[in-house]
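Chemist: Have a look at this one.
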Amino acid sequence: MGGFWCQGWRSVALYGRCWSRPGWWGRTVASAGQTFRPGWDGLGGAQRGLRRLGTWKRPSGRPGSSNPFQRAQEDEWRRRNKTVLTYVAAAAVGMLGASYAAVPLYRLYCQTTGLGGSAVAGHSSDQIENMVPVKDRIIKVTFNADVHASLQWNFRPQQTEIYVVPGETALAFYKAKNPTDKPVIGISTYNVVPFEAGQYFNKIQCFCFEEQRLNPQEEVDMPVFFYIDPEFAEDPRMVNVDLITLSYTFFEAKEGHKLPVPGYN
Amino acid sequence: MSTAMNFGTKSFQPRPPDKGSFPLDHFGECKSFKEKFMKCLRDKNFENALCRNESKEYLMCRMQRQLMAPEPLEKLGFRDLMDEQPEAKDK
Chain E
1 MGGFWCQGWR SVALYGRCWS RPGWWGRTVA SAGQTFRPGW DGLGGAQRGL
51 RRLGTWKRPS GRPGSSNPFQ RAQEDEWRRR NKTVLTYVAA AAVGMLGASY
101 AAVPLYRLYC QTTGLGGSAV AGHSSDQIEN MVPVKDRIIK VTFNADVHAS
151 LQWNFRPQQT EIYVVPGETA LAFYKAKNPT DKPVIGISTY NVVPFEAGQY
201 FNKIQCFCFE EQRLNPQEEV DMPVFFYIDP EFAEDPRMVN VDLITLSYTF
251 FEAKEGHKLP VPGYN
Chain A
1 MSTAMNFGTK SFQPRPPDKG SFPLDHFGEC KSFKEKFMKC LRDKNFENAL
51 CRNESKEYLM CRMQRQLMAP EPLEKLGFRD LMDEQPEAKD K
């Protein structure tokens, strides 16, 4: 306590001087320095009492450690803490970014692998090669053709129905005619009802999802080559399904125009 | 039906075809094969199993005219027809 007193007495004395002399406002430090006297006289009562109790400390932000080794160790700890904190913060931000990036990445993955949201067992060409038709289950497939109001094509199926069995590849035709005097580009999509049977309906090749251009007054045949998965016959939910309807709809393809079909692209 | 935007109902997900899209037959090169196939269908009461030869010939026409990527016919599900052909040749 004695040491404290020695180091800080001058500033304390100055403070004490301010408080004890009410008319002191505006005096400069130099002039104040001339007037105080060493000793107890210049101190305010409050300051004196506090220092007597020994509770007054020089305000300082650091928990005092004058030992250089201790200080070095504390610096080391502080540095390590900061590194760890930085890593944790980076990981948290990374997780947040990954959760946002997951949505388009998953969509990209589905598009490239062709799963399209419904993971069905792979329909590779090996499966087509080896599949055995289930001859006792005859399914009637009817065809439907629609055009969007703005597309002036005459689009219709060339057969109203076809009888197939699961596991057998089948060919069907649609016909489209462009009666206008301008070339028109159309793009089509399809739908299968009933909904549950749609997952067994596999198209090997068709004319959908790609732009098809018809010149003025041109008429073309559009084939669809498809098969129904043989597992259709083993699905208990499909026991009563004897009719499947394949419905194609043509839209006009314009620059920047997106197909108004939910769930695709 | 699939455009009904009901929350929670499953909507139909159109899948792209396995082998892509048929190029359009602008010049009608395979039209005769198609006509043969359609006639067969009408005669046989639209039973696909009875007209598979004609459909195979239509696809072969397309492959020859570069309107379809050439593929062995077994991979298109015509293996039973390929097995019959060598037998017919032998006879």
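Residue numbers (full-length UniProt numbering), protein chains in the order written: chain E, 1 to 265; chain A, 1 to 91.
From the three backbone atoms N, C-alpha and C, an ideal C-beta is built for every residue, glycine too.
Compute the distance between the beta-carbons of E/E161 and E/K135, then report whether it is under 8 Å.
Modeler: Not closer than 8 Å, so no.
Chemist: If you follow the alpha helix (DSSP H) that A/Y58 is part of, which residue opens it and which one closes it?
Modeler: Start and end: 52 to 64.
Chemist: Measuring alpha carbon to alpha carbon, tell me which of E/N202, E/I244, E/L243, E/V239 ends up nearest E/V224.
Modeler: Here the closest residue by C-alpha is E/N202.
Chemist: Taking Cβ-Cβ distances below 8 Å as the criterion, which residues of the stretch 172 to 200 of chain E are in contact with chain A?
Modeler: The stretch 172 to 200 of chain E vs chain A, Cβ under 8 Å: F173, T189, Y190, N191, V192, V193, F195, G198.
Chemist: Less than 8 Å between the beta carbons of E/L243 and E/T169, yes or no?
Modeler: Result no, Cβ atoms of E/L243 and E/T169 do not sit closer than 8 Å.
Chemist: If you draw a straight line from the alpha carbon of A/P72 to that of A/M63, how long is it in whole angstroms?
Modeler: Rounded to whole angstroms, A/P72 to A/M63 spans 10 Å at the Cα level.
Chemist: Assign E/V147 to one of three DSSP states: helix, strand, or coil.
Modeler: In this structure, E/V147 counts as strand in the three-state DSSP scheme.
Chemist: Could you compute how far the alpha carbon of E/S150 sits from the alpha carbon of E/D221?
Modeler: Their backbone Cα atoms lie some 21 Å apart in a straight line.
Chemist: On a CA-only basis, which of E/V84, E/T249, E/E218, E/V147 is nearest A/F27? Give me that one, please.
Modeler: That would be E/E218, whose Cα lies nearest to the Cα of A/F27.
Chemist: Is the shortest distance between the beta-carbon of A/L81 and the beta-carbons of chain E less than 8 Å?
Modeler: Not closer than 8 Å to any Cβ of chain E, the Cβ of A/L81 fails to qualify, so no.
Chemist: Using 8 Å as the cut-off, can you tell me whether the stretch 20 to 35 of chain A makes contact with the stretch 203 to 214 of chain E, which would need three or more C-beta pairs spanning the two stretches below that distance?
Modeler: Touching, yes, given that three or more Cβ pairs across the two stretches are closer than 8 Å.
Chemist: With distance defined between alpha-carbon atoms, name the residue in E/G167, E/N144, E/S99, E/L96 nearest to E/E234.
Modeler: Among E/G167, E/N144, E/S99, E/L96, the Cα nearest to that of E/E234 belongs to E/G167.
Chemist: Mind listing which residues of the stretch 26 to 49 of chain A have their C-beta closer than 9 Å to chain E's C-betas, in chain order?
Modeler: Residues H26, G28, C30, K31, K34, F37, M38, L41, R42, N45, F46, E47, N48, A49.
Chemist: Is the beta carbon of A/C61 closer than 8 Å to that of residue 130 of chain A?
Modeler: What is shown of chain A runs 1 to 91, which leaves residue 130 of chain A out entirely.
Chemist: Using only the alpha-carbon positions, how far apart do E/L171 and E/A102 sit?
Modeler: The alpha-carbon atoms of E/L171 and E/A102 are separated by roughly 40 Å.
Chemist: Starting from E/Y200, follow its DSSP beta bridges and name the residues at the other end.
Modeler: In the DSSP output, where bridge partners are listed per residue, E/Y200 has none listed.
Chemist: Can you pull the DSSP bridge partners for E/K140?
Modeler: Paired residue(s): E/Y163, E/L243.
Chemist: Mind pulling the chain A residues with CB within less than 7 Å of E/Q212?
Modeler: Those are L24, listed as they occur along chain A.
Chemist: Around the C-beta of E/V192, are 16 or more other C-beta atoms found within 10 angstroms, so that it is buried, or is it exposed?
Modeler: Per the 10 Å Cβ criterion, buried.
Chemist: Please check if any C-beta of chain A sits within less than 8 Å of the C-beta of E/A253.
Modeler: Judged by the 8 Å Cβ criterion, E/A253 is not in contact with chain A.
Chemist: Quick one: using the 10 Å Cβ neighbour count with 16 as the cut-off for buried, is E/P183 buried or exposed?
Modeler: E/P183 is exposed by the Cβ-count criterion.
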